[in-house]
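As C-alpha cells, the structure follows; a few thoughts come after it.
Residue numbers (full-length UniProt numbering): 1 to 156.
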C-alpha cells in the first residue's frame with residue numbers, strides 16, 4: 001500500500017474549515033479533475049458517493065469513516081471504475097481537519113492510500129504519473145483553502 005498526503009495549516013477557524021471540507025459541492029469545485037460529486041444520502045459510514053471526472057467518466061465510492069467535525073474517508077470501487085481499475089487494486093481518500101491555536105487555525109489534510117496493479121510495473125507506472133496527481137492534490141487544497149478564507153471573511 002502506498003500513500004500520498006497533502007496538508008497545510010489554514011488561518012481560519014476549525015468550524016469554517018470543516019464546513020468547507022465536508023461540503024461536497026465545494027470539493028467538486030476545488031478539484032480540477034472532477035466535474036460531478038453526488039452524495040445523495042449525506043456523509044455517513046456506508047453512504048454511497050458517485051464522482052465523475054472532467055471527461056465524464058463516473059465511478060462509485062463508499063464512505064468508510066465519518067467523524068463529525070474531524071474527518072471522513074471514501075473507498076473507491078476500483079474494479080468497476082473506468083478511471084481507477086487500470087492502475088489500482090484499491091484506492092481511497094481520507095479528508096481531515098484538526099484545530100490548532102485553540103481553534104483559530106486549522107490543519108487540513110487529504111491522504112490517499114492506494115495499491116497499484118501489476119506488481120513492479122504498476123508501481124513504476126504510478127510513480128511516472130505521480131507528478132500529475134501531486135499537482136491535482138495541491139491545486140485542490142489551494143482551492144479549498146481559498147474557499148475557507150472566503151467563508152471565514154463572509155462570517156466575520
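Think of the CB as a built atom: it goes at the ideal place given N, C-alpha and C, for glycine as much as any other residue.
Return the bridge partner residues of residue 109 from the DSSP annotation. For this step, residue 109 is matched to residue 109 along the chain shown. In the DSSP secondary-structure assignment, residue 109 is bridged to 7 and 96.
Segment limits, alpha helix (DSSP H) that includes residue 144: Translated into the one-based positions of the chain shown, residue 144 becomes position 144. It spans 119–155 - the alpha helix (DSSP H) in which residue 144 sits, taken as one unbroken run.
Residue 36 versus 60, 145, 90 and 138, residue with shortest Cα-Cα distance: Counting from 1 along the chain shown, the entry for residue 36 is found at position 36. Of the candidates 60, 145, 90 and 138, the one whose C-alpha sits nearest the C-alpha of residue 36 is 60.
Given a cut-off of 8 angstroms on the beta-carbon distance, is the pair residue 181 and residue 88 in contact? Here the chain has residues from 1 to 156 only, and residue 181 is not among them.
Give the straight-line distance between the Cα atoms of residue 125 and residue 93, rounded to the nearest whole angstrom. Working through the chain shown from its first residue, we reach residue 125 at position 125. Working through the chain shown from its first residue, we reach residue 93 at position 93. Approximately 20 angstroms, taken between the alpha carbons.
Could you give the C-beta distance for residue 145 and residue 10, rounded to a whole number, given that I count them as a contact under 8 angstroms? In the chain shown, counting from the first residue as 1, residue 145 sits at position 145. In the chain shown, counting from the first residue as 1, residue 10 sits at position 10. Right, their Cβ atoms sit about 5 angstroms apart.
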